[in-house]
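*Asks:* Going by UniProt numbering, 72 is the number at position 72 of the sequence shown; the sequence numbering is gapless.
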Amino acid sequence: MISLSPPTICNSATENYLNCVNSESGRVRVEAKRASEEYGRVLRRYPLKPGETVERPQRGEVVSSSGVLPPLDPGEY
């Protein structure tokens, strides 16, 4: 009878990679949760009236505390 054991990671580079992916995915989850909570706070602080919609900035626009800045000129970089 052949006995099969569970696969093992014998390559330390693979193990390091998987540990890194695990760590980074945990960090991303924490940051996403914080962003979601902040978005919820903003929605509670500035609720929309019935029928009101939010205009989303166009791609390339930067929103700041003073308003919307013009799109960045790609030639500047």
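Ideal Cβ positions, reconstructed from N, Cα and C, are used throughout, including at glycine.
CB-CB under 8 Å to Val54, same chain, minus the five flanking residues each way: which ones, in chain order?
*Replies:* Contacts found: Leu48.
*Asks:* Is there at least one non-hydrogen atom of the ligand SAM closer than 7 Å to the beta-carbon of Tyr17?
*Replies:* As presented, the structure is devoid of all ligands, the ligand SAM included, so that no description of it is given.
*Asks:* Grab the span of the alpha helix (DSSP H) containing Arg45 for me, first residue to last.
*Replies:* Where Arg45 is concerned, the enclosing alpha helix (DSSP H) stretches over 12-45.
*Asks:* In this structure, does DSSP put Glu52 in helix, strand or coil?
*Replies:* The answer is coil: DSSP assigns Glu52 none of H, G, I, E or B.
*Asks:* Compute the Euclidean distance between the alpha carbons of Cys20 and Val28, then round it to the nearest angstrom.
*Replies:* Their backbone Cα atoms lie some 12 Å apart in a straight line.
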